[in-house]
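Peer 1: Here's a structure for you.
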Amino acid sequence: MRSGIVPVVGRPNVGKSTLINALVGTKVAITSARPQTTRNVIRGVVHRPDLQIVLVDTPGVHRPRTALGERLNQRVVESLADADAAVFVIEATAPIGPGDRLVAGRLLEAGTATVCVVNKIDGTSKADVTSQLVEASKWDFGAYVPISATEEQNLGPIVAELEQVLPEGPQYFPNDMTSDQSETFLIGEIVREKFLSRLREELPHSLAVVVDDVEVGDDGLTRVHARLLVERDSQKGIVIGRGGSVLQAAGTAARAELEMLLGTRVHLDLRVKVEKDWQQRPGVIQRLGM
Ligand SMILES: Nc1nc2c(ncn2[C@@H]2O[C@H](COP(=O)(O)OP(=O)(O)OP(=O)(O)O)[C@@H](O)[C@H]2O)c(=O)[nH]1
Ligand SMILES: [Mg+2]
Numbered sequence: 005m006r007s008g009i010v011p012v013v014g015r016p017n018v019g020k021s022t023l024i025n026a027l028v029g030t031k032v033a034i035t036s037a038r039p040q041t042t043r044n045v046i047r048g049v050v051h052r053p054d055l056q057i058v059l060v061d062t063p064g065v066h067r068p069r070t071a072l073g074e075r076l077n078q079r080v081v082e083s084l085a086d087a088d089a090a091v092f093v094i095e096a097t098a099p100i101g102p103g104d105r106l107v108a109g110r111l112l113e114a115g116t117a118t119v120c121v122v123n124k125i126d127g128t129s130k131a132d133v134t135s136q137l138v139e140a141s142k143w144d145f146g147a148y149v150p151i152s153a154t155e156e157q158n159l160g161p162i163v164a165e166l167e168q169v170l171p172e173g174p175q176y177f178p179n180d181m182t183s184d185q186s187e188t189f190l191i192g193e194i195v196r197e198k199f200l201s202r203l204r205e206e207l208p209h210s211l212a213v214v215v216d217d218v219e220v221g222d223d224g225l226t227r228v229h230a231r232l233l234v235e236r237d238s239q240k241g242i243v244i245g246r247g248g249s250v251l252q253a254a255g256t257a258a259r260a261e262l263e264m265l266l267g268t269r270v271h272l273d274l275r276v277k278v279e280k281d282w283q284q285r286p287g288v289i290q291r292l293g294m
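Position in the sequence shown (from 1) plus 4 gives the number in our numbering.
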């Protein structure tokens, strides 16, 4: 069989995680309109007859302002070191910028066989997509594929291109495994996703979710205990919202999705805790698996 490790790279918010979920066929990574949603290196597996593609979701490459930011960028560069190929995602809805060029430069330096994907073609005109493809082809990557990850448009050619460049190799994951992350990790991420979409500006970057306990009861009820970490006292109130409105709405949305994921009823116990400047503290970053 052909198989390989394929990092999916690009600047924040271009749709890397959305694309991985679409290719894998199930949610392995959370997505949001906020940049820097992905913080951990997550593997999602595409299974086809005689083909296994291990997609590696990576944090968006950006200018680092914190210890966490620096660590995230480092992860991306490291991910290229043992890559068999890469998927480089840019978006059709915005001009190619310094962030895209930075990632392109890294890929060309590393000499990784790369499929350049122009995402979000549903959000702009054909003419814009064409000019973006022309602009991007100056980088001279092996293949270019215009797609919409949300509409699942034109994803087949990505798999076909990767199949051509991947070597003969082992089956890395069993057939029924689509991600290397634990259920507990995904539970925490789903909770974080529901808050990201409800919080504005800088706060999303200050939020982390720690799942302390998942108890499966005999009564068909799963009890999930999680802590929401924020960096400052002032942020605590924002995460809770006026009269508990944010906590309530995000909690309800998270519980609904967790019930689908786990196939049981779910009781979600959320606490908000201030952990001063956790992003600057390597100990905390490590504890969160980042
Ligand atoms: N219109 C449109 N929006 C998309 C498409 N793909 C992704 N998005 C949206 O773009 C936003 C970012 O998507 P993500 O998948 O979280 O992006 P990412 O590259 O993983 O972002 P980071 O993890 O922050 O680096 C979300 O709001 C998605 O719904 C697409 O094909 N079309
Ligand atoms: Mg992501």
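For every residue, glycine included, the Cβ atom is placed at its ideal position computed from N, Cα and C.
Remember, it's a predicted structure, so these values are computed and weren't measured experimentally.
(1) Using the three-state DSSP reduction, which class does T128 fall into: helix, strand or coil?
(2) Quick check on the DSSP output: the beta strand (DSSP E) that includes N123 runs from which residue to which?
(3) Using only alpha-carbon positions, find the residue among V149, L225, T154 that is nearest to P161.
(4) Using DSSP bridges, identify the partner residues of Y148.
(5) V278 and V214 look like a contact to me (Cβ under 8 Å); what is the Cβ gap, rounded to whole Å?
(6) For ligand 2, I want to know if A212 counts as a neighbour, meaning its beta carbon is within less than 7 Å of at least one of the ligand's heavy atoms.
(7) Would you decide whether S141 is buried or exposed? Buried here means 16 or more other CB atoms lie within 10 Å of its CB.
(8) Enumerate, from N- to C-terminal direction, the unbroken beta strand (DSSP E) stretches of 3 or more residues contained entirely within the region 18-64.
(9) Please report the distance separating the alpha-carbon of N123 from that of A96.
(10) Quick one: measure Cβ to Cβ for V2 and V12, integer angstroms, because I've assumed they're closer than 8 Å.
(11) Taking G14 as the reference, which of S83, L262, D126 has the closest Cα?
(12) Any idea which residues DSSP pairs K240 with across the strands?
(13) Under 7 Å: does the beta carbon of T154 sit that close to some heavy atom of ligand 1?
(14) Taking I94 as part of the alpha helix (DSSP H), name the residues at either end of that continuous run.
(15) Mind pulling the beta strand (DSSP E) runs of 3 or more residues that sit fully within the region 179-265?
(16) Please determine, among P53, L55, I46, R69, the residue with the shortest C-alpha to C-alpha distance to D61.
(17) With 16 as the cutoff for other CB atoms within 10 Å, does S249 come out buried or exposed?
(18) With I9 as the anchor, note down where its alpha helix (DSSP H) starts and where it stops.
(19) For the beta strand (DSSP E) that L272 lies in, which residues bound it at each end?
Peer 2: Straight from the coordinates:
(1) Note: T128 maps to coil in three-state DSSP.
(2) Taken as a continuous stretch (DSSP letters only), the beta strand (DSSP E) holding N123 covers 118-123.
(3) When each option's Cα is compared against that of P161, the closest is V149.
(4) Secondary-structure assignment with DSSP links Y148 through a beta bridge to C120.
(5) 13 Å between Cβ atoms; not a contact.
(6) Incorrect: A212 has no Cβ contact closer than 7 Å to ligand 2.
(7) Result: exposed.
(8) The beta strand (DSSP E) runs of length 3 or more contained entirely in the region 18-64 are, from start to end of the chain, 46-52, 55-61.
(9) So the two alpha carbons sit approximately 6 Å from each other.
(10) There is simply no residue 2 to check, as the chain begins at 5 and stops at 294 in what is shown.
(11) Ranking S83, L262, D126 by Cα distance to G14 puts S83 first.
(12) Per DSSP, none; premise fails for K240.
(13) Shortest gap from the CB of T154 to any heavy atom of ligand 1: under 7 Å.
(14) Run containing I94: none in the alpha helix (DSSP H); it sits in the beta strand (DSSP E), 90-95.
(15) Under the rule that a run must span 3 or more residues, the beta strand (DSSP E) segments found entirely inside the region 179-265 read 212-220, 225-234.
(16) Ranked by Cα distance from D61, the options P53, L55, I46, R69 are led by I46.
(17) The residue in question, S249, is exposed, as its Cβ has fewer than 16 Cβ neighbours within 10 Å.
(18) Careful: I9 lies outside any alpha helix (DSSP H), inside the beta strand (DSSP E) at 6-13.
(19) L272 -> beta strand (DSSP E) spans 269-278.
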